[in-house]
Amino acid sequence: MIASTTRRSRLAAVGAFVAAGALLLSACGDQTDDAGNGDDGGESSAEGSSGGDEGGTGGAADLLPQEIRDAGEITVGSDIAYAPIEFIDENDEIAGIDPDIGAALGEVLGVEFTFENGTFDGLILGMNNGRYDVIMSAMTDTAERQQGASADAEGGGADFVNYFQAGSAILVEAGNPEGIQSQDDLCGLTVAAQQGTANEALIEAQQEACDEPIETMINDVDSDSITALQNGRAQAVITDYPVALYNELTAGGGELFEVTGDQIDAAPYGIAVPKEETELRDALQAAMQEIIDNGTYADILAEWNAEAGAIEEATVNAGE
Numbered sequence: 410m411i412a413s414t415t416r417r418s419r420l421a422a423v424g425a426f427v428a429a430g431a432l433l434l435s436a437c438g439d440q441t442d443d444a445g446n447g448d449d450g451g452e453s454s455a456e457g458s459s460g461g462d463e464g465g466t467g468g469a470a471d472l473l474p475q476e477i478r479d480a481g482e483i484t485v486g487s488d489i490a491y492a493p494i495e496f497i498d499e500n501d502e503i504a505g506i507d508p509d510i511g512a513a514l515g516e517v518l519g520v521e522f523t524f525e526n527g528t529f530d531g532l533i534l535g536m537n538n539g540r541y542d543v544i545m546s547a548m549t550d551t552a553e554r555q556q557g558a559s560a561d562a563e564g565g566g567a568d569f570v571n572y573f574q575a576g577s578a579i580l581v582e583a584g585n586p587e588g589i590q591s592q593d594d595l596c597g598l599t600v601a602a603q604q605g606t607a608n609e610a611l612i613e614a615q616q617e618a619c620d621e622p623i624e625t626m627i628n629d630v631d632s633d634s635i636t637a638l639q640n641g642r643a644q645a646v647i648t649d650y651p652v653a654l655y656n657e658l659t660a661g662g663g664e665l666f667e668v669t670g671d672q673i674d675a676a677p678y679g680i681a682v683p684k685e686e687t688e689l690r691d692a693l694q695a696a697m698q699e700i701i702d703n704g705t706y707a708d709i710l711a712e713w714n715a716e717a718g719a720i721e722e723a724t725v726n727a728g729e
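The following block contains the structure:
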């Protein structure tokens, strides 16, 4: 297991998730049929081990490409501004569900998972240009991304190893002064979302049903959308459900925002891997299944109160 004092202290910031009831978490992207680089700084290594019973030999580790074994690390592209999935904590360290899962995978594979910060809609291009080995960034596994047909997949598609289940939500000012209950209530309002995500696509789709158009505010990072809501420049934000709930429960002592309406279009998060890197993909799938089976995965989600997003099988989608 990879539980630590540091991670337990981070958990205190999201402890109120328990009171919010069961989570069916939301996702960054549109739903798969089957189920620009930023360099803002921020890098974190989750060190794996090798040899003996500590991981790194046999099983999933033997599936790793030799160049990854020689390098001793897997570089991970991630938009690290998406608490509680991945974010910079009060100690200026990278924290969240994805980094913790990466650390657990590193233990199994005997390598370090090194998270590097990038702009979300440039991650797939960066990976396919060799900047990152894989992507872990609350990225929904979609048929369009698999095939390289989505707006953020310019330069080629990706295979996905699915590891989580999530959906979208509407975040509004506390008290919900506009009385928003669903997407239909967004017509005529200013609504913010992050560029290249399903949340942006949801606004575009709703636009077609509006008599009075939505004024869209599309931002490079999700935190800018949250700031726009706080400053009154937007009247709603569409973001991933765990992100919306995290902000409802923690921002301003839980007094600034609230989540309204039902979750929208739950779908799988996937680790994106270049399509030609099938050995790396299969090693990640095997390692992911191992931490599911041995309970490490459940422990991680429990520490972030995100158990309802758990999956039982680490599947691969290759869009073939």
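Each residue of the sequence shown is one higher than the last, beginning at 410 in the working numbering. From the three backbone atoms N, C-alpha and C, an ideal C-beta is built for every residue, glycine too. Being a predicted model, the structure only gives us computed values, none of them experimental.
Check your understanding: So what's Ala512 in DSSP terms, helix, strand or just coil?
Key -> Taking the first residue of the sequence shown as position 1, residue 512 is located at position 103. In the three-state DSSP reduction, Ala512 falls in the helix class (H, G or I).
Check your understanding: Can you check whether the CB of Val485 is closer than 8 Å to the CB of Glu516?
Key -> Within the sequence shown, numbered from 1, the residue matching residue 516 stands at position 107. Within the sequence shown, numbered from 1, the residue matching residue 485 stands at position 76. With contacts defined by Cβ atoms closer than 8 Å, Glu516 and Val485 do not form a contacting pair.
Practice item. Check the C-beta distance from Gln604 over to Asn628 and give it rounded, since I have them as a contact under 8 Å. Key: Sequence index remark: in the sequence shown, residue 604 carries index 195 (1-based). Sequence index remark: in the sequence shown, residue 628 carries index 219 (1-based). Taking C-beta atoms under 8 Å as the contact rule, Gln604 and Asn628 qualify, at a distance of about 7 Å.
Practice item. For Glu521, count neighbouring C-beta atoms within 10 Å of its own C-beta (all shown protein chains included) and say buried if the count is 16 or more, exposed if not. Key: For this step, residue 521 is matched to residue 112 along the sequence shown. Label assigned to Glu521: buried.
Check your understanding: Which whole-angstrom value is the C-beta distance of Ala675 and Gly576, which I expect to be below 8 Å?
Key -> Position 266 of the sequence shown holds residue 675. Position 167 of the sequence shown holds residue 576. 4 Å between Cβ atoms; contact.
Review point. Hey, Glu609 and Leu472 are a contact pair by Cβ (cut 8 Å); roughly how many whole angstroms apart?
Key: For the purposes of this step, residue 609 is taken as residue 200 along the sequence shown, with counting starting at 1. For the purposes of this step, residue 472 is taken as residue 63 along the sequence shown, with counting starting at 1. That pair is no contact at about 36 Å.
Review point. Got a sec, what are the start and stop residues for the beta strand (DSSP E) Asn703 sits in?
Key: Numbered from its first residue, the sequence shown carries residue 703 at position 294. Counted as a single uninterrupted DSSP element, the stretch harbouring Asn703 is not any beta strand (DSSP E), since DSSP gives it neither H nor E.
Exercise for review: Mark Pro586 as exposed unless 16 or more other C-beta atoms lie within 10 angstroms of its C-beta, in which case mark it buried.
Suggested key: Mapped onto the sequence shown, residue 586 falls at position 177. It is exposed - the Cβ of Pro586 has fewer than 16 other Cβ atoms within 10 Å.
Practice item. Return the residue from the list Ile489, Gly511, Glu482 and Pro493 that minimises the CA-CA distance to Ala696. Key: By 1-based counting over the sequence shown, the position of residue 696 is 287. The shortest C-alpha separation from Ala696 is found at Gly511.
Review point. Would you call the stretch 644-652 and the stretch 579-599 touching, i.e. three or more CB-CB distances under 8 Å?
Key: For the pair of segments examined, the stretch 644-652 was found to touch the stretch 579-599: the number of CB pairs separated by less than 8 Å reaches three.
Review point. Where DSSP assigns a beta bridge to Met626, which residues make up the other side?
Key: Start at 1 with the first residue of the sequence shown, and residue 626 comes out as number 217. Residue pairing for Met626: DSSP places it in a beta bridge opposite Ala601.
Point to revise | For Met536, three-class secondary structure by DSSP | key: As a first step, residue 536 is located in the sequence shown; it is residue number 127 there, counting from the start. Helix, per DSSP.
Practice item. Over the uninterrupted alpha helix (DSSP H) stretch that includes Ala645, give me the two end residues. Key: As a position in the sequence shown, residue 645 is number 236, starting the count at 1. Segment Ala645 to Asp649 is the beta strand (DSSP E) holding Ala645; no alpha helix (DSSP H) there.
Review point. Looking at C-beta atoms only, is the number of pairs between the stretch 616-634 and the stretch 555-570 that lie closer than 8 Å three or more?
Key: No, the stretch 616-634 does not touch the stretch 555-570.
Exercise for review: In angstroms with no decimal places, state the Cα-to-Cα distance between Val682 and Val570.
Suggested key: The residue labelled residue 682 in the question sits at position 273 within the sequence shown. The residue labelled residue 570 in the question sits at position 161 within the sequence shown. Each residue's CA atom was taken as its position, placing Val682 and Val570 some 8 Å apart.
Point to revise | C-beta contact flag for Glu667 and Ala583 at 8 Å | key: Taking the sequence shown and counting its residues from 1, the one referred to as residue 667 is at position 258. Taking the sequence shown and counting its residues from 1, the one referred to as residue 583 is at position 174. Going by C-beta atoms, Glu667 is nearer than 8 Å to Ala583.
**Study point:** Contacts around Glu624, its chain only, beta-carbon distance under 6 Å, and the 5 residues preceding and following it disregarded
**Key:** Taking the sequence shown and counting its residues from 1, the one referred to as residue 624 is at position 215. Take Glu624, set aside five residues on each side of it, and the residues of its chain with a beta-carbon closer than 6 Å to its own are Thr599, in chain order.
Practice item. Work out the CA separation of Gln592 and Leu547 for me, nearest whole Å. Key: For the purposes of this step, residue 547 is taken as the residue at position 138 of the sequence shown. For the purposes of this step, residue 592 is taken as the residue at position 183 of the sequence shown. Per the sequence shown, the amino acid found at residue 547 is Ala instead of Leu. Approximately 22 Å, taken between the alpha carbons.
Exercise for review: Identify the continuous alpha helix (DSSP H) that holds Ile489 and give its terminal residues.
Suggested key: Along the sequence shown, one-based indexing puts residue 489 at 80. For Ile489, there is no enclosing alpha helix (DSSP H), as DSSP gives it neither H nor E.
**Study point:** Burial state of Glu657 (16 or more Cβ within 10 Å)
**Key:** Here residue 657 is taken as the residue at index 248 of the sequence shown, counted from 1. Buried, by the Cβ-count rule.
Point to revise | First through last residue of the beta strand (DSSP E) which encompasses Leu580 | key: Looking up residue 580 in the sequence shown gives position 171. Annotation: the continuous beta strand (DSSP E) that includes Leu580 extends over Asp568 to Glu582.
Exercise for review: Find the nearest neighbour of Leu665 within the set Val581, Ile544 and Glu553, judged by alpha-carbon distance.
Suggested key: Against the sequence shown, residue 665 aligns to sequence position 256. Among Val581, Ile544 and Glu553, the Cα nearest to that of Leu665 is on Val581.
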